[in-house]
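Per full-length UniProt numbering, the sequence shown starts with residue 1, numbered consecutively.
The C-beta atom is built at its ideal place from N, Cα and C for all residues, glycine as well.
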Amino acid sequence: MSTQSANVTNKNMPSASNSTSGRNSSAANIIWLQLQSLVNTINHILIGLIALYITILGRSLDFQNTAMHAFLTIIGFNVLMAEGLMSHYPINFVTNRFSHRTKSKIHGVLLMVGGSLALLGSFGKISQTELHFSTLHGKIGLAATFLCIASIIGGLVNYFQPTLALKVYTPATIKYRHNFFGMVTFTLGMFTIYLGYRTKFAYKYMDPEFIAVISLATVLVYIFTMIGPLRSFLDKMRYRKQFRK
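Structure, rendered in structure tokens:
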């Protein structure tokens with residue numbers, strides 16, 4: 001009897017161990033999802049606060065010259081494009097209830113409008129001054145402007161004439177490149193905004209302590225926003241490797 005009991009106990013041990021491991025894994029997944037949800041919520045709050053501040057600042061300066069440039073580029077990149085990049089993120093509470101098709105439309109509209117505003121802000125600044133691109137802010141901004149133009153053109157072509165790109169690239173390659181160049185464009189745009197908080201305009205109309213705060217908020221928005229696109233990009237990379245094999 002004792003031998004049979006021991007055998008039964010030994011047989012039950014693996015299942016009990018697997019059950020405990022499954023519960024631990026499930027708990028870890030729940031905690032991870034809650035953490036991502038918290039980060040996503042904080043990101044939306046930061047984006048909203050930045051949008052509110054730059055709107056108030058621009059209005060106090062009658063949206064003249066550099067004030068309009070700052071308003072358009074920050075609303076374009078830091079607000080609309082950031083929200084657009086998060087539209088497909090499963091944890092994003094703003095869009096997670098919509099279908100994939102609806103998310104794609106939201107993504108396209110936000111990036112199109114955001115990119116257009118950023119371009120208006122850039123071209124407006126260029127038309128107002130004679131000396132261009134003498135600072136790192138201006139040089140990085142120029143690169144972001146060119147990539148923004150290319151992204152908008154590419155997005156329009158893919159939307160209205162999707163078969164054109166398919167004649168040259170596979171669907172997987174198109175999505176991979178779209179993801180990659182979108183991240184690069186957003187990175188340059190956000191870096192330009194970060195550098196903009198170290199210009200004469202910022203030092204003139206912002207307190208030094210606040211410049212540090214809004215710079216940190218900009219960095220956090222960039223990091224939190226890039227979680228979704230980066231995950232998608234890595235998934236596409238793995239898919240491409242499997243497809244090639």
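Three-state secondary structure assigned by DSSP to residue i
i: N92; result: coil
i: T9; result: Low per-residue confidence applies at T9: pLDDT is 49, beneath 50, and the placement is therefore not dependable, though the value from the model is reported in the following sentence. T9 falls in the helix class under three-state DSSP.
i: K200; result: helix
i: Q64; result: coil
i: S2; result: Since pLDDT at S2 reaches only 49, below the 50 mark, its modelled position is unreliable, and no value is offered.
i: D235; result: helix
i: V213; result: helix
i: F133; result: coil
i: R59; result: helix
i: V219; result: helix
i: S87; result: coil
i: V39; result: helix
i: M206; result: coil
Endpoints, alpha helix (DSSP H) assigned at residue i
i: S122; result: 100-128
i: G196; result: 171-196
i: V157; result: 136-160
i: M81; result: It is not in any alpha helix (DSSP H) - M81 carries neither H nor E in the DSSP assignment.
Under 9 angstroms between C-beta atoms of residue i and residue j
i: T185; j: L147; result: yes
i: residue 246; j: G48; result: No information on residue 246 is available, as it lies outside the stretch 1 to 245 that the chain covers here.
i: V94; j: H44; result: yes
i: G124; j: T192; result: no
i: M183; j: L230; result: yes
i: A51; j: F201; result: no
i: G196; j: T73; result: yes
i: M190; j: V221; result: yes
i: F98; j: N179; result: no
i: N92; j: N29; result: no
i: T187; j: M226; result: yes
i: G155; j: M206; result: no
i: I153; j: S116; result: no
i: A150; j: N158; result: no
i: G138; j: A70; result: no
i: A27; j: M81; result: no
i: A172; j: Y239; result: yes
i: L46; j: F210; result: no
CB contact check: residue i to chain C, cutoff 9 angstroms
i: H88; result: Of the chains in the structure shown, none is chain C; there is only one protein chain.
Residue i beta carbon near the ligand ZN (any heavy atom closer than 8 angstroms)
i: I174; result: Only the bare structure without any ligand can be found here, which leaves the ligand ZN out of the picture.
Exercise. Touch check for the region 57-70 and the region 78-93: three-plus C-beta pairs under 8 angstroms?
Worked result: no
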